[in-house]
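Top line first, the protein sequences correspond to chains A and B. Under the UniProt record's numbering, read the first sequence as residues 1 to 264, first letter to last. Under the UniProt record's numbering, read the second sequence as residues 1 to 264, first letter to last. Structure first, then comments.
Number of protein chains: 2
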Amino acid sequence: MCELLGMSANVPTDICFSFTGLMQRGGRTGPHRDGWGIAFYEGRGARSFHDPQPSCESEIAALVQRYSIKSRIVISHIRRANRGRVCLENTHPFGRELWGRHWMFAHNGELKGIKRRTTEFYTPIGSTDSEHAFCWLLDNIRRRFPLAPRDPKTLWRFIAGLAEELNALGIFNFLLSDSRYLYAHCSTRLAWLTRRAPFGEAHLQDADMTVDFVRETSPNDVVTVIATQPLTVNEVWQVMAPGELVVFEGGELAWQALNAQPPM
Amino acid sequence: MCELLGMSANVPTDICFSFTGLMQRGGRTGPHRDGWGIAFYEGRGARSFHDPQPSCESEIAALVQRYSIKSRIVISHIRRANRGRVCLENTHPFGRELWGRHWMFAHNGELKGIKRRTTEFYTPIGSTDSEHAFCWLLDNIRRRFPLAPRDPKTLWRFIAGLAEELNALGIFNFLLSDSRYLYAHCSTRLAWLTRRAPFGEAHLQDADMTVDFVRETSPNDVVTVIATQPLTVNEVWQVMAPGELVVFEGGELAWQALNAQPPM
């Protein structure tokens, strides 16, 4: 199993605090020693860092912690290999372009038989079931919507249906973004938390570190953090239900599907 | 105009020395203050760093110089914006997947009317003529070869024809790779150099720095460096002719087209 971390915010926000907590699980407090990756959206572009090394020893992880990249959407992943060898092309998050938008995807779980599903537009570069699932998702979205649909809810419902279909193959916790929305699907474990004024203090579960968000934020900031397990000990996290899909825009919950609809 | 830097090698090699020279041109010895980017292939995967900041002041550039990432193929670019505003999605190199391979592209020049050419499979994310040209190239390759051709020369000839066609729209110096081959097309300025045993010393043109490759390499290493202008003062660089396309594999020149063929 792997650790996922996502962020959606209404202003460019750094994720150093949450990332520091997550990184500890990459070989120090967790067994996730097989690489890590993080993608930061900046406008329509995405900047990503991938490292097949354990995150707690990674020089690039140290840079990401030190050098506070501010972003409205972040997707991060620490890997424990269950399928596919440990190498750069098997390191999440994976990226592809659709409709001139940069889509990124990270997955926690395992999907049996996913590789028997053929894809037309997108072909996996590495050998993970996760990248194959991502290619299959985008392939289906692209076939159904050659152009981006006007009403985003049409797309959200369709993605919820695809997620439910793949979920039947195993475990399918994932984070997905198209640079505007952040999708989080819970198969077994995923929790989220929205921070907004009045801000308080938060204390990390995996490192002896406290941050006072009053000093770090301005009153209008809205920041949602999504993680496999709650990262802080003194805040109330929303634990997602199996099969639940949530969509965030600018830090706010935009849509929620408890029982996913089948694909149209 | 922008600066291009490419490398093809038969063993994973670090590019710190050449990169140090190139970075000086990003605002110190050159006028290329509008961002930079670099992609390192590792096997089938690619790791890329992009920064809309001037390279000579960039923290990420400092990391890349310090932290010697070893790679067989590298593509790097320092930008002086002529088309498209300065932002992450307009920063080279650009990447797309075709045939399950990670293709990367960086361009120096300007192409008039390129945006009138429509694309089917690949859509630009940013607003540069360069990314549009890249999408058009891959679109054409994909339409002509839904699967990778068995004989790579068939593909090389086709790419040479496409390069010639776009070259007619303006200036089209570019570096392109599919993780196996490195393509370099000269429209106005591009030079390359292959280093192999017996290795000597090289002295950078843009920084007071000398490297002794005897100490840095092993006798079987073959490393080709391609740059807009020669980076060293005491080595003999092959200056490419306008319209010339070269293909490198494992540091060795694999193919060369002086007069490109029209597309089949």
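In this text, a Cβ means the ideal position worked out from N, Cα and C, and glycines have one as well.
Status (buried if at least 16 other CB within 10 Å, exposed otherwise) for residue i
i	result
A:Thr128	buried
B:Val211	buried
A:Leu258	exposed
B:Glu120	exposed
B:Glu244	buried
A:Gln256	exposed
B:Gly48	At residue 48 of chain B the sequence reads Ser, which differs from the Gly that was named. Buried.
B:Tyr181	buried
B:Ala197	exposed
A:Pro262	Bear in mind that the predicted position of A:Pro262 carries a pLDDT of just 45, short of 50, making it too unreliable to give a figure here.
B:Arg44	buried
B:Gly200	exposed
A:Val233	exposed
B:Ala241	exposed
Residue i and residue j closer than 8 angstroms at C-beta
i	j	result
A:Ser8	A:Glu42	no
A:Phe213	A:Ala227	no
B:Ser179	B:Ala46	yes
A:Ser187	A:Gly126	no
A:Gly21	A:Ala184	no
A:Arg162	A:Leu190	Reading the sequence as shown, one finds Leu at residue 162 of chain A and not Arg. Against a cut-off of 8 angstroms, the Cβ pair of A:Leu190 and A:Leu162 comes out as no contact.
B:Pro52	B:Leu88	yes
A:Ala39	A:Ile15	no
B:Trp36	B:Ala62	no
B:Asp151	B:Thr13	no
A:Ser18	A:Leu253	no
A:Arg143	A:Phe158	no
B:Asp139	B:Val86	no
B:Gly113	B:Leu166	no
B:Phe174	B:Leu111	no
A:Asn10	A:Gly251	yes
B:Arg79	B:Cys2	yes
Nearest-angstrom beta carbon gap, residue j and residue i [assumed within contact, 8 angstroms]
i	j	result
A:Thr123	B:Glu97	7 angstroms
A:His92	A:His107	7 angstroms
B:Arg195	B:Val223	5 angstroms
A:Val225	A:Leu193	5 angstroms
B:Val104	B:Ser177	In the sequence as presented, Val is not what sits at residue 104 of chain B; that position holds Met. Yes, B:Met104 and B:Ser177 are in contact; Cβ-Cβ is about 5 angstroms, under 8 angstroms.
B:Trp99	B:Leu147	7 angstroms
B:Lys115	B:His132	5 angstroms
Per-residue DSSP class, three states only, for residue i
i	result
B:Thr217	coil
A:Arg195	strand
A:Asn173	strand
A:Ile159	helix
A:Ser8	strand
B:Thr154	helix
B:Glu201	strand
B:Gly45	strand
A:Gln256	strand
A:Pro262	Any answer about A:Pro262 is weak, because its pLDDT of 45 lies below 50 and its placement is not dependable; what the coordinates show is given next. In this structure, A:Pro262 counts as coil in the three-state DSSP scheme.
A:Glu165	helix
A:Gly37	strand
A:Thr20	helix
A:Glu3	strand
A:Gln229	coil
A:Gln53	coil
B:Tyr181	coil
B:Val236	coil
A:Leu245	strand
A:Thr188	coil
B:Asp206	coil
B:Val223	strand
Residue i: CB within 7 angstroms of a non-hydrogen atom of the ligand MN
i	result
A:His203	As presented, the structure is devoid of all ligands, the ligand MN included, so that no description of it is given.
Cross-chain neighbours of residue i in chain C, by beta carbon under 7 angstroms
i	result
A:Thr228	The structure shown contains no chain C; its protein chains are A and B.
**OP:** Counting only runs of 4+ residues fully inside the stretch 60-148 of chain B, write out the alpha helix (DSSP H) ranges in chain order.
**Re:** 129-144
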